[in-house]
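Under the working numbering, the first residue of the sequence shown is numbered 29, with each subsequent residue one higher.
Step one of this worksheet: look at the structure below.
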Amino acid sequence: MAHTAKFEEKVIPTHTGIAQPATTLVANGAMLPLGAMLVMHSLGAAAQAPNATETRTLSTVTIVEKAEEAQGRDTLRTTTTSIGKGKQRLRDMPQSITVVTEKLVDDRNLDTLKDVLHNTAGVTFMAAEGGEEDIRLRGFSLATTGDIFVDGMRDPAFYDRDTFANDRIELLRGSASMLFGRGSTGGAVNQVTKQPRAMDEHEITTTLGSYNYRRVTGDFNIHTGEDAGLRINAMATAADNNGAGSSIDKKGIALGYRWGIGTTDEFSVNLYSLQNNNGMNYGLPWIRSAPGADASTTTLLPINPNSYYGMASDYNKGTAEYLTLSHTHRFQDGGEVKTQVRRGVYTRDQRAGAVRIQGNTNAAPTTVNLSNFSDATVLTRGNNPKVQDLNSVYAQSDYSRKFAALGFRHEVTLGVDASQEAKQVYRVSAVTKPTTTVGTPDDGASINEAIRTVSVSSTFQSDNLGLYAQDLVQVAEHWKVLGGLRFDHMRGTFDNLSATGAITSSYNQTISDWSQRVGVLYQPNDLSSYHVSWGTSFNTSADTYSYSALSANTAPEQSRNVEIGARLDSADKRYTTRLAIFQSTKFNERNTDPDSAATALLLSGQRHTTGLEVDLTGRLNPQWEIYGSYMWMPDAMIDVAAPTAGAGESAGERPWLTPIHSGTVWTTYQVTSQLRLGGGMNFRSEQTPNRNPGWYAPAYATLDLMGEYAFSERYVLKVNLNNALDKLYADALYTGHYIPGAGRNLQATLSIKL
């Protein structure tokens with residue numbers, strides 16, 4: 029009777045913070061060191077007579093790679109990714125990818141996805157409609173509705189995403205429609221969920237900080253069988269202020285059960301629930317320097333960034349709940365097929381409003397300016413509620429296999445995905461809100477939100493089908509060629525409804541489109557990999573889950589990304605440098621047709637960005653670890669603008685939210701076996717708000733500090749001081765307002781391993 033053995037590579041933590049691998053062999057429920065197994069094998073071989081004729085058959089061996097799972101917890105560097113459909117080595121991806129590991133998330137106390145993206149280069153944020161940030165990467169929209177994923181499946185709703193259940197965050201840069209379908213012009217974000225493992229491991233983390241900040245997370249992994257595990261991640265967070273004017277009150281739980289780990293058939297069930305009941309800081313208005321000053325003098329209000337001028341009754345509630353079922357089948361020939369199905373339900377109820385300076389209008393923006401601005405300046409509060417529901421069903425199946433054919437080595441990936449998304453948007457009646465003054469933040473004024481009437485204003489539904497195939501071919505000893513093709517078909521329906529529920533207008537659209545990807549890799553040795561790649565993407569009119577009479581008749585926008593890059597490892601493979609030169613172009617951007625009889629939008633616009641990216645990750649020596657991400661984007665331009673006056677950007681202008689310099693750096697040093705110190709900074713050069721109103725948000729850099737003391741391997745105390753110099757800066761930008769970045773914030777975290 030054949031027995032199944034499994035290789036498991038675990039990482040043993042040490043006080044120096046350097047992970048030491050310990051490989052063991054699991055056979056018939058017993059664990060033996062690999063060295064002992066080799067000695068036993070040698071003794072057995074020596075005992076054989078030279079002329080023995082006995083024939084032995086090796087038992088079935090299943091390989092399970094555990095090292096990578098632990099790697100992200102103990103280092104800033106990782107070598108694999110799952111964003112490219114299936115697990116792949118980063119050096120085999122001919123496209124730029126930045127991976128933020130669990131170690132970096134923990135080191136810098138990055139509680140939200142937005143915090144994580146701050147720690148990558150080239151990412152900026154538009155304040156938009158209060159919390160509905162339009163994320164920009166390489167100067168292009170990285171829309172929440174299309175370009176954010178969880179374990180490779182679309183995560184389309186608007187909600188404040190937390191990191192408590194994340195193993196790592198992967199940021200793919202450049203066109204990615206071949207992998208994910210619509211959207212993905214600037215790139216794609218993949219949140220990788222912590223998976224159950226066949227071992228017992230538990231950790232509780234408690235954080236206390238400024239503004240009465242309290243956060244508790246628990247990560248419990250229970251070994252329930254030889255090849256099965258249950259993982260429970262839980263979180264509760266509350267604070268009077270996040271350092272930028274918004275209170276925090278959220279809870280989350282993620283349950284995962286996985287069985288058949290490393291065997292022919294592996295199954296998993298994951299349930300995720302996040303409940304947000306946060307405050308809402310819609311932002312602060314810009315101000316000009318003096319009476320009659322031109323737009324270029326516009327700047328930030330000279331007030332504390334954590335000052336709050338909204339209503340005490342304002343809030344930003346939201347829920348995200350989804351169930352994911354997964355099955356992986358491993359074939360005898362090394363092939364693998366992974367099938368996932370997810371059902372998601374999301375809600376959003378935002379009651380807040382834009383704050384404006386009373387007396388300032390678009391026609392007279394300098395009535396109140398820095399010369400007469402004071403504590404007595406009156407601020408108005410607007411009505412900007414957002415109430416939405418979204419339901420989704422996703423199913424996808426991906427097959428991968430490595431094999432030799434026609435004299436070449438192939439790594440083939442192909443798959444199919446289908447989805448249905450349904451969204452309802454509600455109208456909320458307006459209310460009259462009292463004014464306040466600059467000198468009275470947090471004045472406690474409130475209204476009864478229950479008196480507002482709420483009714484469905486629009487509904488949207490889309491049915492989507494995608495098919496793709498990709499092959500990475502080893503064409504010569506050091507050369508690989510990647511080719512990929514994807515076909516997407518989408519049908520969308522959008523209805524506007526009256527307050528009584530009657531349909532007032534209805535639009536639908538059917539789209540079929542192709543996406544391509546081509547890359548060449550040169551890998552002269554195990555330490556270096558160079559690539560050239562070209563890929564396309566497309567954006568449909570329904571990316572915002574709505575249609576109009578013109579947009580419903582408009583074909584998708586098209587984009588392409590060209591990149592030359594390299595990934596270079598140090599001789600000990602503890603340190604990696606990633607370099608890339610890129611040009612991203614959207615060459616048929618939607619614009620309004622000046623013809624009043626037009627039946628569709630024009631696809632006449634064009635813009636491009638060109639730049640250089642550098643990522644640094646790993647250990648310079650056993651004590652010194654570093655992470656850096658930098659983008660230099662000197663060339664960004666609106667090549668062809670809208671023909672209608674006042675439509676926004678003009679030809680020859682630099683696009684909004686595209687700073688020339690952006691990035692982050694973080695480094696830690698193991699001073700003693702127990703003490704570790706760290707520090708870093710985030711920075712952005714000046715950038716314009718949306719629609720380029722004629723001024724720039726000032727450049728900024730913030731300094732973060734960290735100290736960690738390990739009392740033992742079980743108890744670790746860490747102290748973070750973020751924005752140590754209390755820098756005032758604009759974090760997310762909009763034409764009429766900006767959301768300030770968090771001010772100085774002190775937090776202490778105690779981690780206990782059970």
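Yeah, the Cβ is synthetic: ideal placement off N, Cα and C, and Gly gets one too.
Q. Which one or two residues does DSSP pair with I654 in a beta bridge?
A. Residue 654 sits at position 626 when you count from the first residue of the sequence shown. DSSP, once it has assigned bridges, lists G646, T695 as partnering I654.
Q) Between which two residues does the beta strand (DSSP E) harbouring V459 extend? A) One-based indexing of the sequence shown puts residue 459 at position 431. From DSSP, V459 is part of no beta strand (DSSP E); its letter is neither H nor E.
Q) Which of helix, strand or coil does DSSP assign to Y142? A) Within the sequence shown, residue 142 is the residue found at index 114, counting from 1. This sequence places Lys at residue 142; Tyr is not what is there. DSSP places K142 in the helix class (H, G or I) of the three-state scheme.
Q. Exposed or buried, what is K131 when buried is set at 16 or more other beta-carbons lying within 10 Å of its beta-carbon?
A. On the sequence shown, residue 131 is found 103 positions in, with the first residue counted as 1. Buried.
Q) Under 7 Å between the Cβ atoms of G273 and N334? A) Here residue 273 corresponds to residue number 245 of the sequence shown, with the count starting at 1. Here residue 334 corresponds to residue number 306 of the sequence shown, with the count starting at 1. Cβ distance < 7 Å, so G273 and N334 count as in contact.
Q: Tell me whether the beta-carbon of A204 lies closer than 7 Å to the beta-carbon of A216.
A: Looking up residue 204 in the sequence shown gives position 176. Looking up residue 216 in the sequence shown gives position 188. Yes, these two residues count as a Cβ contact at 7 Å.
(Q) Looking at the strands, I want to know which residues DSSP matches up with L607. (A) Position 579 of the sequence shown holds residue 607. Looking at the DSSP assignment, L607 forms a beta bridge with A594, V642.
Q. Once you ignore the five residues that flank L578 on each side, which residues in its own chain have a CB closer than 8 Å to its CB?
A. Counted from its first residue, the sequence shown places residue 578 at position 550. Same-chain partners within the cutoff: T620, D621, A626, T627, A628, L629.
Q | Inter-residue Cα distance where the pair is I288 and R358 | A | Stepping through the sequence shown from its first residue, residue 288 is reached at position 260. Stepping through the sequence shown from its first residue, residue 358 is reached at position 330. In the sequence as presented, Ile is not what sits at residue 288; that position holds Gly. One C-alpha to the other measures close to 11 Å.
Q) Relative to the C-alpha of N412, which residue among S457, R437, R371 is closest? A) Residue numbering aside, residue 412 sits at position 384 when the sequence shown is read from its first letter. Selected option, being the one with the closest Cα: S457.
Q.
With a threshold of 6 Å on Cβ separation, who are the neighbours of S199 within its own chain once the five nearest residues in sequence on each side are excluded?
A. Position 171 of the sequence shown, counted from the first residue, corresponds to residue 199. It is worth fixing the name first, because residue 199 is Leu in this sequence and not Ser. T126, T148, V217, listed in sequence order.
Q: Check whether the stretch 750-766 touches the stretch 725-742, taking contact to mean three or more Cβ pairs, one atom from each stretch, closer than 8 Å.
A: yes
(Q) On the CB-based measure, 16 or more other CB atoms within 10 Å of its CB, does R105 come out buried or exposed? (A) The count along the sequence shown starts at 1 and reaches residue 105 at position 77. With at least 16 other beta carbons inside 10 angstroms of its own, R105 counts as buried.
Q: Report yes if the C-beta distance between Q219 and N194 is below 7 Å; otherwise report no.
A: Residue mapping note: residue 219 aligns to position 191 of the sequence shown, counting from 1. Residue mapping note: residue 194 aligns to position 166 of the sequence shown, counting from 1. Yes, Cβ-Cβ distance for Q219 and N194 is below 7 Å.
(Q) Cutting at 6 Å between CB atoms, please list the residues of its own chain near R545, excluding the five before and the five after it. (A) Here residue 545 refers to the residue found at position 517 of the sequence shown. Listed in chain order, the non-local C-beta contacts of R545 below 6 Å within the same chain comprise M206, G512, G563, local neighbours out to five positions each way being set aside.
Q: Would you grab the beta carbon distance between N492 and D523 for me? Rounded to a whole angstrom, and I think it's under 8 Å.
A: In the sequence shown, residue 492 corresponds to position 464, counting from 1. In the sequence shown, residue 523 corresponds to position 495, counting from 1. Incorrect: roughly 19 Å between the Cβ atoms, too far for contact.
Q | Segment contact, 8 Å Cβ cut-off, at least three pairs: the stretch 484-504 with the stretch 447-454 | A | yes
**Q.** Outcome for D322 when other beta-carbon atoms lying within 10 angstroms are tallied against a minimum of 16
**A.** Indexing the sequence shown from 1 puts residue 322 at position 294. So D322 counts as exposed.
Q | Inter-stretch contact (C-beta, 8 Å, three-pair minimum) for the stretch 430-437 and the stretch 289-305 | A | no
**Q.** Close beta carbons around R595, own chain, < 6 Å, minus the five adjacent residues each side
**A.** For this step, residue 595 is matched to residue 567 along the sequence shown. Result list for R595: R119, S557, R606, in chain order.
**Q.** Buried or exposed by the 16-neighbour rule on C-beta atoms within 10 Å, applied to L312
**A.** By 1-based counting over the sequence shown, the position of residue 312 is 284. It is buried - the Cβ of L312 has at least 16 other Cβ atoms within 10 Å.
(Q) Here's the rule: buried if 16 or more other CB atoms are within 10 angstroms of the residue's CB, otherwise exposed. What is I315? (A) Translated into positions along the sequence shown, residue 315 becomes position 287. That one is buried.
Q) What's the gap between the Cα of N718 and the Cα of F153? A) Here the question's residue 718 lines up with position 690 in the sequence shown. Here the question's residue 153 lines up with position 125 in the sequence shown. Distance between the alpha carbons of N718 and F153: 10 Å.
Q.
For the structure I just gave you, are there three or more beta carbon pairs, one from the stretch 416-431 and one from the stretch 396-403, closer than 8 Å?
A. no
(Q) For T375, which residues in the same chain have their Cβ closer than 7 Å to its Cβ, ignoring the five residues on either side in sequence? (A) Counted from its first residue, the sequence shown places residue 375 at position 347. So the list reads G346, T347, D417, once near-sequence residues are dropped.
(Q) Measuring only the C-alpha atoms, how far is G211 from H689? (A) Position 183 of the sequence shown, counted from the start, is the residue given in the question as residue 211. Position 661 of the sequence shown, counted from the start, is the residue given in the question as residue 689. If I take the Cα positions, the gap works out to 25 Å.
Q: Indicate the three-state DSSP secondary structure (helix, strand or coil) for V133 in the structure shown.
A: If you number the sequence shown from 1, residue 133 lands on position 105. In this structure, V133 counts as helix in the three-state DSSP scheme.
Q: Quick one: using the 10 Å Cβ neighbour count with 16 as the cut-off for buried, is L782 buried or exposed?
A: Walking along the sequence shown from the start, residue 782 turns up at place 754. When all chains shown are included, L782 counts as exposed.
Q) Where are the beta strand (DSSP E) runs, 3 residues long or more, that stay fully inside the stretch 151-209, in chain order? A) 151-154, 162-165, 168-170, 176-178, 194-201
Q. Do the CB positions of P683 and G167 come within less than 7 Å of each other?
A. Locating residue 683 in the sequence shown gives position 655, counting from the first residue. Locating residue 167 in the sequence shown gives position 139, counting from the first residue. Yes; because the gap between Cβ atoms is below 7 Å, this pair is in contact.
**Q.** Assigned secondary structure, S565 (DSSP; H/G/I helix, E/B strand, else coil)
**A.** What you label residue 565 is simply residue 537 of the sequence shown in a count that begins at 1. It is a strand residue.
Q | Residues sharing a beta bridge with A216, DSSP | A | If you number the sequence shown from 1, residue 216 lands on position 188. Answer is L200.
**Q.** Of the residues T367, M121, S324, the one placed nearest G593, counting alpha carbons only
**A.** In the sequence shown, the residue the question calls residue 593 occupies position 565. Checking every option, the nearest Cα to that of G593 belongs to M121.
Q: Taking 7 Å as the cut-off, decide whether the C-beta atoms of G237 and S275 are in contact.
A: Taking the sequence shown and counting its residues from 1, one reaches residue 237 at position 209. Taking the sequence shown and counting its residues from 1, one reaches residue 275 at position 247. Not closer than 7 Å, so no.
Q: Please report how far the alpha carbon of A340 lies from the alpha carbon of P462, in whole angstroms.
A: Reading the sequence shown from its first residue, position 312 is the one you call residue 340. Reading the sequence shown from its first residue, position 434 is the one you call residue 462. Taking the straight line from one Cα to the other gives about 12 Å.
Q) In whole angstroms, what separates the C-alpha of A392 from that of G722? A) Along the sequence shown, read from residue 1 onward, the residue named residue 392 stands at position 364. Along the sequence shown, read from residue 1 onward, the residue named residue 722 stands at position 694. If I take the Cα positions, the gap works out to 15 Å.
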